Each structure stands twice: as C-alpha cells, then as structure tokens.
Amino acid sequence: MSLPRAVLIGIGNPYRRDDGIGPALAAAIEQLRPPGVSVTISDGEPSRLLDAWSGAPLAVVVDAVLCDDPAPGRIHRTALGAAPAGTAAGRQSASASTHGLGIPDAIRLAEALDRAPQRLVVFAVEAADIGFGPGLTAAVGACLPELTQAVLAELAADPPR
Amino acid sequence: MTHRSRQLRVSALARIEGEGALRVVVQDGQVLAAELQIYEPPRFFEAFLRGRQHTEVTDITSRICGICPVAYQTSAWNAIEDACGVSAGDAVAALRRLLYCGEWISSHALHIYMLHAPDFLGYPDAIALARDHRDLVERGLRLKKAGNAILEAVGGRAIHPVNTRVGGFYRAPAKADLVPLAEQLRHALGDALATVTWVAGFDFPDVNLDHELLALQDPGRYAIEHGQVVSASGLAFPAAEFSRHVAEYQVPHSTALHARLDGGAYLTGPLARYTINSAQLSPIARQAAAGAGLGPTCRNPFRSIVVRAVETVYAAAEALRIIDEYERPEPSFAEVPPVAGVGHGVSEAPRGLLYHRYQLAGDGRIESAAIVPPTSQNQAAIEADLRDLVSASLHLDDAALTSLCERTIRNYDPCISCSAHFLDLRVERR
Chain U
2 MSLPRAVLIG IGNPYRRDDG IGPALAAAIE QLRPPGVSVT ISDGEPSRLL DAWSGAPLAV
62 VVDAVLCDDP APGRIHRTAL GAAPAGTAAG RQSASASTHG LGIPDAIRLA EALDRAPQRL
122 VVFAVEAADI GFGPGLTAAV GACLPELTQA VLAELAADPP R
Chain C
44 MTHRSRQLRV SALARIEGEG ALRVVVQDGQ VLAAELQIYE PPRFFEAFLR GRQHTEVTDI
104 TSRICGICPV AYQTSAWNAI EDACGVSAGD AVAALRRLLY CGEWISSHAL HIYMLHAPDF
164 LGYPDAIALA RDHRDLVERG LRLKKAGNAI LEAVGGRAIH PVNTRVGGFY RAPAKADLVP
224 LAEQLRHALG DALATVTWVA GFDFPDVNLD HELLALQDPG RYAIEHGQVV SASGLAFPAA
284 EFSRHVAEYQ VPHSTALHAR LDGGAYLTGP LARYTINSAQ LSPIARQAAA GAGLGPTCRN
344 PFRSIVVRAV ETVYAAAEAL RIIDEYERPE PSFAEVPPVA GVGHGVSEAP RGLLYHRYQL
404 AGDGRIESAA IVPPTSQNQA AIEADLRDLV SASLHLDDAA LTSLCERTIR NYDPCISCSA
464 HFLDLRVERR
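Structure (structure tokens):
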C-alpha cells in the first residue's frame, strides 16, 4: 500500500456537542472516498497527531474553537508551511504540563522532530456549545456542507513537492 | 478542541485537564504560607455515581482521567467485585495487570520525556529539547506508543478503554493478537533501559524527605493492580480499613480535598512504591535501579524521574512475561450479580495510591461512592516541601524561585483533574 497523498484529521469529541465537528467532517469525507486521502478521527493528543501526519505531503486538520464574541459556524482557515513567529504555532507554550498540549504544540514538536507534513492546513470552526451530549448545534451543523467543500478543495489541490 | 490562538482569543478548551496556582507569603524572612491552589471546579463524580448500576461504574470513573483511566477502572472493579464477593479469576487478573502495565509505560514515558526531563537539562519544554535531541524525544514517543499499543490491544483503545467491564473483559485477545505486541515491547524494554541510564546521569539537588510513605504491597511482586496498604513506618491494613486511617479534609485554597494518614501528611506515588517495594522488583528492574545508583529506598523527589524510569523497565518486562505466559480467559468475564453491601478497591495509579469505596443496594444501584485520588493525598506533602524549599531559597529572585517551585511540583507529577498545569506564582514579600 502506498503512502497517502494527504491525510484528513478530524479532531474532537462527538459527545461534547459542537466539539464533534471534526469527527462529523471526517465521517462526511470518508463517505466521499477522495483518492489518495487517509481519514483519521483524533482526540488531538500530540503524539498520535504526529503519527497520523508523519510522512504525508499534505495534512488537513479540522477542529472546533471557542471565541470571545462568537459567530458559531464561522470557518477559519490557516495554512502553515512553517509556523511563523507570533502565530499560535510559533508561540512558546504557556503550559507547565503535557495534559494540555494542543495543536500548536503538536506542530512545534513535529517541526522539531522533522515530522511535520510538508503542508498543514487547519480549519477551525467556531463552536456555540461544547457541553455534554451528542449532536451539533444548528449553526455549526449548517456549516458542514461549506466546510466539506472547502476541505475537498484543499485535498484536491496539487500536493507540495 | 485544542486550539488556543491569540487571534481567536480562545477562552475555554474542551479537554481542559486542570489549572492550579501557587501562593507564597514571606514576612520578615519567614515563609507564612506556601499554598498549591487548585481552583478547577469540583467534578461531582461521587455524586453522579449515585443511582447508577454497579456495572456502569468502570465506564464512568474511567472518564476522570485521560492519562490514567485504567487506574480508575481497576480500583472501581476491585471495589465492586469486593462488594459482590466475586473473584474474576487468575486469567482475567493477568490480563488486567497487562493492561495496567500499558498505562504505567505510557504515563511514565510522557512524564519523564515531555514534562520532567527538560527541567534537568535546562530547556523550557520538550519541544525545545526535541530541537537539540531529536533521538531522545523520539525514544520517549516510541515508549509511550508501546504503552498505548497494550492499551489498544487489551482495552480496545488507548484513552478510556472500552473492552473492560466489571468481572473482566468483553472480549479477551487471542494469544496470536499479542504476538506483534511482544515484538514492540522487546524494543520498548531496550528503550526503557536506555532511559534509566540517561536520567541517572542528571544532576539532582540533595533533598531528602522524611514524610510518611504509603503504597500497596503484594507479596512476591511489585504491587500494581492489587495489594494491601502498607506504610514505610510499618503500618499495614486492607483496603477496607482505608478510611479508618486516611481522613480527607477541606482547605480554603483548593477545590481538591487534602488527606491525612493517622493525622499526618504523607506521600504516595513512585517514591513510596519504590521505598516500600524495591525488593519486589524483577531482577532486570533491580539491576537497572542499582546501575542508576538507587539504593533500596529513595526519598529524593528530584530522583523520582529515575524511579519512574525503573518502573517503566519493570512494566515493560512484566508485560512481556504476562504475554509469554498468557492463557486466554474462558469465559472472558465472571458474572457479578449485585449484593447489598460495601466494597473497597485500591490500585497503584502512575501517580500513586487510588482508593474507591461503593455502597450498593440489593439491585446493584450505587447508594454512595468515595474516590480518593493520589494527587489529593499528596497535596499536603507537596506544600510542606514547597515551604521548606522556599525557606531555604529566599535569596533567589522571583523568577528563579518560581522555576524552582515549578520543578518541585513537577517532581510529584500531579494531575489536578484527577483530584498544576498552569502555574502562576505570587510571592508576597512583606
């Protein structure tokens, strides 16, 4: 089996309402079976993220975010070749523990270990509710078609060389 | 959800694990207070276990921690099976011990490489360490992955295993399923031995604690998932007498309860386990410990990193032994019909002794639950150490003192969500 051209990683917990947008998107992409794409659902734990995207030319990550002044369902896209200073991925970690390592730390760790994908695109979807229970809120569920199209377009783009 | 971004001003995280702060008050050169402030809201597990069925307890309590879910499951099924008078049998017990070895390997590798080692090597975090020593951090990640592989093969998944149940397992792996795991574990054992050699070469401040120590003891082997409670000073009692000796109490500055053992502060965890049980280590782990300069006891919290490394060797070798001798349990679980009464369960979580107690109604409903995690038990001892350390280090400026306090806290690998991730030090010099 050849290595996938791209990996799609949906991060989140489907039992925490809108935090399930990553897994929901991953399920939608899985059904469409885009060629050369490996689909993974992840809890975001950094060492597993590294394993999921190691060696892949392109990794697309989808996660939920909470924002002050929220607009639930709004999609933010960030592309990283190398994380520039001042971005989330370029900042020093403020955590004194590993329980709370997030995607930015995973990216920095991957870069330090030379295990970052050549190109990493993060789609962050603003959440309305990350309380207990299954099911996305209406606003976040409604963005799924647009998000799916955006992710498919990203996955279909020429891989980095 | 893990994305914390300056632009997005993320204000909360879905998988938040715990927040703590430290408050130190110094007046006229005297340390008046050194408080580990845990301000994470209480999680009410003991309350919402009431009314649930005795068979649901392991799945619910596993959610208390993503790093040590097996510890919570184990103490829970030990307590439920105790209440119902059921023994799951030797074959299930061996498989449970294998599962727990996976958790020890994974949790210890995480703490040694990602959290603790940077303190000794002058790096702000593991990412900076990885930039200069890629091979070392890759070794840590390999070890963690080997631990996770056990959890996945036996428990169904690495976090919050789903193949486990009161009485045993939903499906026991076939011996052939464990063969690839053994190959991975042979490499892990080599990595674990190299880890001991590596951490033994660090510089350790000369500190010796005189706290009482508390750990499980299991004749003939290093206690993990089973044993009676033993203290360094010679106290010994079964799990059923835990609450007669250990009293929890509230302090205003922490949402986690503190605990006293017969009225005094005490410590659980790797130092306690090693000091009480080093004679029960397997020959390869004992040899590794001796090579690392550990004697039969270890009371220096900075050296806890060496003890964790030795325990990782033990767990890898023990996992290999269990796989080698593995016989698939048939059936994979024992039926556990409910019995009205009280059950007690203990086990050695990576961070220390974990006690559960459940009172069951005749139909299996939980009438009351008590859970005493290791970090709660260790808080008072950690604060005592901080007080001593700050008293002896008042000449340092706030930045250097903060760093020293953070190191001290990390020596104990505290898990606040189980009971400081984000340490915010305030020194009031009056």
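Those sequence lines, one after another, are chains U and C. Going letter by letter, the first sequence gives residues 2 to 162 in my numbering. Going letter by letter, the second sequence gives residues 44 to 473 in my numbering. For each residue, glycine too, the CB sits at the ideal point set by N, CA and C. These figures come from a predicted structure and were not determined experimentally.
Q) So, helix, strand or coil for Arg453/C, using DSSP? A) helix
Q. What residues in its chain sit with their C-beta under 6 Å from that of His77/U, if we drop five residues either side in the sequence?
A. Ala125
Q: Measuring only between beta-carbons, confirm whether Leu92/C sits less than 8 Å from chain U.
A: no
Q: Note down, in chain order, every chain U residue with its Cβ under 8 Å from the Cβ of Glu181/C.
A: Leu114
Q) Considering Ser274/C, what are the terminal residues of the alpha helix (DSSP H) in which it resides? A) It is not in any alpha helix (DSSP H) - Ser274/C instead sits in the beta strand (DSSP E) that spans Gln271 to Ser274.
Q. Helix, strand or coil for Leu56/C per DSSP?
A. Residue confidence is low: Leu56/C scores 21 on pLDDT, short of 50, so the model does not pin down where it sits. No coordinate-derived value is stated.
Q. Is the shortest distance between the beta-carbon of Ala39/U and the beta-carbons of chain C less than 8 Å?
A. Rather than Ala, the amino acid found at residue 39/U in this sequence is Ser. Not closer than 8 Å to any Cβ of chain C, the Cβ of Ser39/U fails to qualify, so no.
Q. Ile103/C lies in the beta strand (DSSP E); which residues open and close that run?
A. Ile103/C -> not in any beta strand (DSSP E); alpha helix (DSSP H) instead, spanning Val100 to Thr104.
Q) What does DSSP give as the partner residues of Leu121/U in its beta bridges? A) Ala60/U and Leu81/U
Q: Could you tell me how far apart the beta carbons of Ala275/C and Tyr398/C are, in whole angstroms, since I believe they sit closer than 8 Å?
A: The Cβ separation is near 18 Å, so there is no contact.
Q: Give the DSSP-derived three-state secondary structure of Asp406/C in the structure shown.
A: coil
Q | Proximity of Glu268/C and Tyr115/C at Cβ, strictly below 8 Å | A | no
Q. CA-CA distance, Leu256/C and Arg95/C?
A. 34 Å
Q) Can you tell which of Ser105/C, Val113/C and Ala122/C has the C-alpha that lies nearest to the C-alpha of Val382/C? A) Ala122/C
**Q.** Cβ neighbour criterion (16 or more within 10 Å) applied to Thr311/C
**A.** buried
Q.
Helix, strand or coil, according to DSSP, for Leu158/C in the structure here?
A. helix
Q: Determine the chain C residues that contact Ser55/U at a beta-carbon separation under 9 Å, and present them in chain order.
A: Under the 9 Å cutoff, chain C gives no residues; its nearest Cβ is about 10 Å from Ser55/U.
Q | Terminal residues of the beta strand (DSSP E) in which Tyr292/C lies | A | Val289 to Tyr292
Q.
Can you pull out the residues from the region 131-157 of chain U whose beta carbon lies closer than 9 Å to at least one beta carbon of chain C?
A. Ile131
Q. Would you call the region 132-145 of chain U and the region 22-32 of chain U in contact, with 3 or more CB pairs under 8 Å?
A. yes
Q) Hey, does Leu110/U have any beta-carbon neighbour from chain C nearer than 8 Å? A) yes
Q) In three-state terms, what does DSSP make of Glu127/U? A) strand
Q | Any C-beta of chain U under 8 Å from that of Thr202/C | A | The question names Thr, yet the displayed sequence has Ile at residue 202/C. With 8 Å as the cut-off, Ile202/C counts as an interface residue toward chain U.
(Q) Comparing C-alpha positions only, which one of Leu156/U, Asp64/U, Pro73/U and Ser43/U sits nearest to Ala140/U? (A) Pro73/U
Q: At 8 Å on the CB atoms, spell out the chain U contacts of Arg177/C, in chain order.
A: Ala113, Leu114 and Asp115
Q. Taking the DSSP output, what are the residues bridged to Ala76/C?
A. Val68/C
Q: Measure the Cβ-Cβ separation of Tyr401/C and Ala392/C and say whether it is below 8 Å.
A: no
**Q.** Which listed residue (Glu378/C, Leu437/C, Glu361/C and Val129/C) has its alpha carbon closest to that of Arg229/C
**A.** Glu361/C
**Q.** Spatial distance of Gly244/C from Arg346/C (CA atoms)
**A.** 11 Å
Q) How would you list, in chain order, the residues of chain U whose beta-carbon sits under 7 Å from the beta-carbon of Arg174/C? A) Ala113
Q: Grab me the residues of Glu378/C's own chain with a C-beta within less than 8 Å of its C-beta, minus the 5 sequence neighbours each way, in chain order.
A: Val129 and Gly210
Q. Where does His438/C sit, in a helix, a strand or coil, going by DSSP?
A. coil
Q: Please confirm whether Ala53/U and Ile10/U have their CB atoms less than 8 Å apart.
A: yes
**Q.** Chain-ordered chain U contacts of Lys188/C [CB-CB under 9 Å]
**A.** Ser48, Arg49 and Asp52
Q) CB-CB under 8 Å to Ile425/C, same chain, minus the five flanking residues each way: which ones, in chain order? A) Leu79, Thr451, Ile452, Tyr455 and Pro457
**Q.** Inter-residue Cα distance where the pair is Pro223/C and Gly198/C
**A.** 16 Å
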